[in-house]
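Let me begin by presenting the structure, written as structure tokens, before commenting on it.
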Ligand code: IMP
Ligand code: MG
């Protein structure tokens, strides 16, 4: 099988990601209610959530874990503005303290939707934690409670994040650059 691999400029390498996730987990763990329910928003946050959860464990937290698949992007690089539940969580959030985990907060629509949904279902508290905060295109008034990095307005790939379903497997975060752009 041959596949052309484009040039990728690394923005956050594996070491930087590991260090920041560890720092973030310590910050989150200090703030965490007992028996918190961590809800990872798929697909983009699966690698971040897996690393964050293990770092939260090292920081002394004992979270429950759930997954919800939300879609706002489809195959395009711009948000469609509408958020849909593709696959829901299995457990009740009534009375629970929830930590929503996502890869990127951009327009804020995905996180705002998830937050409203959890409160509508009777969650006691809802905190938000993102790997990248991209504030430039924010359309909803929302700030993350916890974030690893603030990022400029670039379309990034890797560490769970995709471009048209590709590149999620990259262990670092980067941007695709044109051949003569390096
Ligand atoms: P929002 O609803 O506009 O805040 O978008 C958040 C979602 O869009 C994230 O969960 C990501 O899955 C996706 N997203 C936003 N920016 C990027 C990007 O640069 N690369 C890959 N996915 C992105
Ligand atoms: Mg996402």
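Residue numbers (this note's numbering): 3 to 184.
Where a beta carbon is used, it is the ideal one built from N, C-alpha and C, also for glycine.
Cβ-heavy atom distance, residue i to the ligand IMP, below 7 Å
i: residue 157; result: yes
i: residue 11; result: no
i: residue 106; result: yes
i: residue 43; result: yes
i: residue 120; result: no
i: residue 84; result: no
i: residue 136; result: yes
i: residue 163; result: yes
Residue i CB to nearest heavy atom of the ligand MG below 7 Å
i: residue 97; result: no
i: residue 53; result: no
i: residue 110; result: no
i: residue 46; result: yes
i: residue 58; result: no
Distance between beta carbons of residue j and residue i, contact taken as under 8 Å
i: residue 10; j: residue 176; result: 4 Å
i: residue 132; j: residue 121; result: So it is not a contact: roughly 18 Å between Cβ atoms.
i: residue 85; j: residue 115; result: 4 Å
Buried or exposed by the 16-neighbour rule on C-beta atoms within 10 Å, applied to residue i
i: residue 105; result: buried
i: residue 160; result: buried
i: residue 32; result: exposed
i: residue 21; result: exposed
i: residue 57; result: buried
i: residue 157; result: exposed
i: residue 19; result: buried
i: residue 65; result: buried
i: residue 1; result: Any question about residue 1 goes unanswered here, given that the chain covers just 3 to 184.
So within the stretch 10 to 83, which uninterrupted beta strand (DSSP E) runs reach at least 3 residues, ignoring any that extend past its ends? Within the stretch 10 to 83, the runs of beta strand (DSSP E) at least 3 residues long that lie entirely inside it are, in chain order, 39 to 44, 66 to 73.
Contiguous beta strand (DSSP E) assignments of at least 3 residues, all confined to the stretch 150 to 183: Taking only runs of at least 3 residues, the beta strand (DSSP E) segments lying wholly in the stretch 150 to 183 are 175 to 179.
Runs of 3 residues minimum, wholly inside the stretch 88 to 163: which ones carry the beta strand (DSSP E) assignment? The qualifying runs are 99 to 107, 127 to 135, 148 to 152.
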